[in-house]
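K.L.:
With the first letter of the sequence shown counted as 1, position 301 gets the number 301 in full-length UniProt numbering; the numbers rise by one all the way through.
For glycine and all other residues, C-beta sits at the position ideal for the given N, C-alpha and C.
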Amino acid sequence: MDGSTIIAIQRRPNGRLQACDPCRQSKLACNHSIPCIRCKKWNIVDRCIYSASGSSPRRSTASSASASSIVRRPEPARSLPQSLPAITPSLTSRLSTSPDSLPPNSAAVQPGYLGFTSFSTPYEETRNSLSLLDPQSPSHRTNQNRRSSGVAGQSPVSHAGNIMSPVVQELALHVLRQIPIPEDGPRMFEPNISFFDGWVNIMSKTVLEQLYAMWGHCLGTTRNPAQLEELARTICVNTIKSTSDAIRDPNAWMAQFVGHNLRWDSLGALFTFWKLSPESPLAVVNQELICNCIRLCRQFTEGNVVLVYLYHQRARLQSIFSGDAGFETWRYHAQMVQLITFLGHHAETNTEKPYMPTLVSEAKRCMLWLIYCMDKVAVSFTGRPPLLTQVYISTPLPLDLDVNWLLVDQDVLAQNLDKLVDDQGWNLTGGLYGSTMDRTRAQLFKVREDIFVIALGSKKASIEQILDLKSCAAQATRVLPPSITYRPEDIRDLNVDVRHLFIRLLHKLDHLQNLFFIERMLILRYQQDGGELLALSFEMVALTLNLWTHMDRFFAKRKDFEWILMGYGAPAGGILCMEILKPTLSGSHPQNPHITRSSIVQKLSLLVGFLEWVGPSAPNANIAANTIATIQQVLDHSLKHASTKPRPCPG
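So, in structure tokens, the structure goes:
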């Protein structure tokens with residue numbers, strides 16, 4: 001049915017399939033898919049619910065009742081390709097009546113991280129005092145248990161037989177059927193390994209190896225339903241078990257997620273690497289399976305850093321599918337921030353002096369600051385308020401360290417740490433790692449956040465405050481390592497790793513965009529225009545066009561072209577358009593002699609070509625088309641104006 005997923009929908013007393021609530025209330029025909037065609041057409045897919053009682057869903061105090069009486073659409077925002085096997089509607093008669101919904105799970109009711117102002121803080125302080133006065137007290141043992149686990153209070157269930165409700169079982173089996181066979185899994189995994197995936201890359205390869213070593217007999221071309229069901233039950237039981245972030249040994253920490261301890265979050269990480277579709281490395285099928293793994297995780301655990309990674313990947317893929325400004329992208333982004341603050345990763349409680357990094361501690365830091373940067377990119381594109389601010393973040397930046405050092409023995413790392421990073425956390429070896437990118441972008445986006453406070457806030461800022469931001473933006477780049485510095489000549493130097501070149505170019509664009517926003521505020525609020533905005537815009541467009549004019553060099557990064565074009569090149573192109581319509585130059589630019597009216601027209605013409613590369617099916621196609629139309633009108637006006645100028649008479 002139009003590619004929509006079908007899940008067991010109950011029948012009415014007359015034998016017909018029940019309509020969803022919106023169609024039933026409107027007395028319109030329903031096609032019984034999830035979401036149905038009408039709800040998709042009306043853009044109310046979140047309300048496409050099938051109530052068991054035939055009436056509108058009402059709040060219930062019993063979680064088991066709500067889980068068994070309402071069937072909601074699956075997570076992915078887009079319909080699945082026709083080739084993807086749908087979840088079979090075999091449980092129609094049992095779905096609403098089965099008492100075997102999810103068993104009570106202590107993890108499902110845990111409050112998560114609670115900060116200083118929370119209701120529990122005075123009692124936590126009291127328990128700490130009791131444990132100091134009496135080390136044998138229950139409070140002392142409780143505190144020790146809390147410190148040793150990622151999310152306090154999680155415990156494995158003892159009744160595994162009833163762990164899967166019918167809907168959960170169908171969803172779990174559906175995911176397991178999509179795992180590649182042992183002969184294809186490693187081959188489909190390798191091409192997608194990214195240089196900057198760091199800890200996830202290492203962990204996922206371990207999950208992959210042990211998946212087929214331990215469970216390969218269940219994952220062949222012909223799969224036994226009973227074996228798959230047993231595997232699904234095992235993974236569900238494992239996902240309920242708590243994972244400890246206090247484990248310092250990297251192999252012991254990863255062992256919580258692999259082999260006999262395989263979980264839905266670690267399996268979901270594999271779906272972020274597997275190329276399951278020959279047409280695209282970022283196929284809808286990957287998005288659907290990642291979403292389903294998240295749904296299964298949410299049934300059994302409050303989360304950990306691996307689940308945070310899945311939330312991040314889901315939001316990233318959604319931005320590629322539906323655009324950076326789309327509602328689904330923004331919703332997934334908000335849920336990602338919600339999870340990482342719920343887990344308390346923004347408020348690191350490690351008081352160890354000196355700090356000794358572990359694989360999990362650095363993974364949590366990297367994910368926090370990656371999401372922080374992602375939040376600032378989203379604000380830059382949409383102009384909406386940020387969801388994660390540095391004011392409430394006490395967790396330090398990750399160390400600028402090669403992730404392979406986190407795999408060595410802790411004593412070896414302790415002996416070498418002073419030789420690897422300085423007292424500010426920057427590496428002393430001149431290397432460029434994934435953590436280098438996280439650190440440098442975070443430094444720039446801290447300034448960006450201060451810019452947003454003025455640009456998007458309600459309080460009026462003085463010109464001195466804006467000029468102070470300009471100084472801060474310049475200072476932020478001075479303290480960064482030379483390894484991140486962009487050099488134009490590197491584009492033609494084939495000895496320079498294109499991954500390093502791309503990161504340096506992106507870093508340069510981020511810095512220029514900080515200055516771009518500052519100059520815009522100075523002009524719009526205080527009419528302070530010394531030509532800096534035009535020079536910045538010209539450079540931003542030129543840098544963005546490098547991706548287009550040197551596409552063969554950056555071919556491996558082409559999936560990132562669209563958002564860089566729309567986030568950096570297009571806004572700067574708007575300033576160049578204004579210069580054509582309302583010239584401020586007479587001759588060449590005083591700060592950059594390469595900036596002339598003719599060179600601006602040339603850059604805009606190339607920008608149109610790059611924008612036309614964004615196909616009509618792309619998520620930002622409408623924005624690109626509108627931008628093209630505006631630039632072409634400006635260029636037409638320029639040509640028309642030039643042709644009507646009086647020419648000097650020949651002497």
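What's the call for A542, buried or exposed, on a 16-neighbour Cβ count within 10 Å?
P.N.:
Under this definition A542 is a buried residue.
K.L.:
Between the beta-carbon of D400 and the beta-carbon of R441, is there less than 8 Å?
P.N.:
Not closer than 8 Å, so no.
K.L.:
What number of angstroms, rounded off, separates the C-alpha of T436 from the C-alpha of C36?
P.N.:
Computed Cα separation, rounded: 46 Å.
K.L.:
Report yes or no: do the segment 403 to 411 and the segment 372 to 384 share at least 3 C-beta pairs separated by less than 8 Å?
P.N.:
The segment 403 to 411 is not in contact with the segment 372 to 384.
K.L.:
Between F257, D490 and I240, which has its C-alpha nearest I247's C-alpha?
P.N.:
Residue F257 is the option with its Cα nearest to I247.
K.L.:
Please report the distance separating the alpha-carbon of Q25 from that of Q18.
P.N.:
Straight-line Cα distance between these residues: approximately 12 Å.
K.L.:
Excluding five sequence neighbours on each side, which residues of the same chain lie with their C-beta closer than 7 Å to the C-beta of R94?
P.N.:
Any reading at R94 must be qualified, since the residue scores a pLDDT of 35, below 50, and its modelled position is unreliable; the value itself is stated next. If we look at R94 and ignore the five residues flanking it on each side, its Cβ neighbours are P166.
K.L.:
Measuring straight from C-alpha to C-alpha, what distance separates M566 and Q287?
P.N.:
Cα to Cα, the separation comes out at about 23 Å.
K.L.:
In three-state DSSP terms, what is Y433?
P.N.:
It is coil, neither helix nor strand.
K.L.:
Does the segment 487 to 503 come within contact of the segment 411 to 421, defined as at least 3 CB pairs closer than 8 Å?
P.N.:
Too few Cβ pairs lie closer than 8 Å, so no.
K.L.:
Count the C-beta pairs between the segment 304 to 311 and the segment 544 to 557 that are closer than 8 Å, then say yes if the count reaches three, no if not.
P.N.:
Result no; under three Cβ-Cβ pairs closer than 8 Å.
K.L.:
Mind checking whether L359 and P250 have CB atoms under 8 Å apart?
P.N.:
It is a contact, given that the beta carbons lie within the stated cut-off.
K.L.:
So, are the CB atoms of I320 and L432 less than 8 Å apart?
P.N.:
Not a contact, by the Cβ cut-off of 8 Å.
K.L.:
Grouping DSSP H, G and I as helix and E and B as strand, with all else coil, what is N514?
P.N.:
Residue state, collapsed to three classes: helix.
K.L.:
Does the Cβ-Cβ distance between W253 and E362 come in under 8 Å?
P.N.:
No. Outside cutoff.
K.L.:
Who are V479's beta bridge partners in DSSP?
P.N.:
Paired residues: none, contrary to the question.
K.L.:
For Y113, which of helix, strand or coil comes out of DSSP?
P.N.:
DSSP places Y113 in coil when its eight states are reduced to three.
K.L.:
Compute the distance between the beta-carbons of Q528 and I463, then report whether it is under 8 Å.
P.N.:
Their beta carbons are under 8 Å apart, which means Q528 touches I463 by this criterion.
K.L.:
Taking the DSSP output, what are the residues bridged to N427?
P.N.:
Paired residues: V421.
K.L.:
Is there contact between the segment 623 to 641 and the segment 334 to 342, where contact requires at least three CB pairs shorter than 8 Å?
P.N.:
Taking 8 Å as the limit for Cβ pairs, the verdict is that the segment 334 to 342 does not touch the segment 623 to 641.
K.L.:
Using a 10 Å radius around the Cβ and a threshold of 16 neighbouring Cβ atoms, would you call Q82 buried or exposed?
P.N.:
Interpretation of Q82 is limited by its pLDDT of 34, a score under 50 that renders its predicted location unreliable; the figure taken from the coordinates is listed afterwards. Label assigned to Q82: exposed.
K.L.:
Between residue 739 and L469, is the Cβ-Cβ spacing less than 8 Å?
P.N.:
Any question about residue 739 goes unanswered here, given that the chain covers just 1 to 651.
K.L.:
For the alpha helix (DSSP H) that contains R597, what are its first and last residues?
P.N.:
Residues R597 to W613.
K.L.:
Would you mind working out which of S322, M164 and Q169 sits nearest S617, comparing C-alpha positions?
P.N.:
When each option's Cα is compared against that of S617, the closest is S322.
K.L.:
What's the call for M356, buried or exposed, on a 16-neighbour Cβ count within 10 Å?
P.N.:
Classification for M356: exposed.
K.L.:
Applying the 10 Å Cβ sphere with the 16-neighbour rule, what's the burial state of F327?
P.N.:
Looking at its Cβ environment, which holds fewer than 16 other Cβ atoms inside 10 Å, F327 is exposed.
K.L.:
Quick check on the burial criterion: 16 or more other C-beta atoms within 10 angstroms. Buried or exposed for Q299?
P.N.:
Per the 10 Å Cβ criterion, buried.
K.L.:
Measuring CA to CA, which of S266, V237, A172 and I163 is closest to L211?
P.N.:
The shortest C-alpha separation from L211 is found at S266.
K.L.:
DSSP on M17, reduced to helix/strand/coil?
P.N.:
The question names Met, yet the displayed sequence has Leu at residue 17. Residue state, collapsed to three classes: strand.
K.L.:
Tell me the rounded alpha-carbon separation between S63 and G573.
P.N.:
Because S63 sits at a pLDDT of 36, beneath the cut-off of 50, its placement in the model cannot be relied upon, and the following sentence gives the value as read from the coordinates. Computed Cα separation, rounded: 53 Å.
K.L.:
Run the CB neighbour count on L494, radius 10 Å, all protein chains shown included, and call it buried at 16 or more, exposed below.
P.N.:
Exposed: under 16 other Cβ atoms inside 10 Å.
K.L.:
Rounding to the nearest angstrom, what Cα-Cα distance links C472 and S598 in this structure?
P.N.:
Their Cα atoms are separated by approximately 34 Å.
K.L.:
Can you tell me where the alpha helix (DSSP H) with G457 in it begins and where it stops?
P.N.:
It is not in any alpha helix (DSSP H) - G457 carries neither H nor E in the DSSP assignment.
K.L.:
Just to check my reading of the structure: L509 and K603 have Cβ atoms closer than 8 Å, yes? What is that Cβ distance to the nearest angstrom?
P.N.:
No, L509 and K603 are not in contact; Cβ-Cβ is about 15 Å, not under 8 Å.
K.L.:
Less than 8 Å between the beta carbons of L296 and L208, yes or no?
P.N.:
No, the Cβ-Cβ distance between L296 and L208 is not below 8 Å.
K.L.:
Check this for me: beta carbons of H589 and L522, under 8 Å apart or not?
P.N.:
Cβ distance not < 8 Å, so H589 and L522 don't count as in contact.
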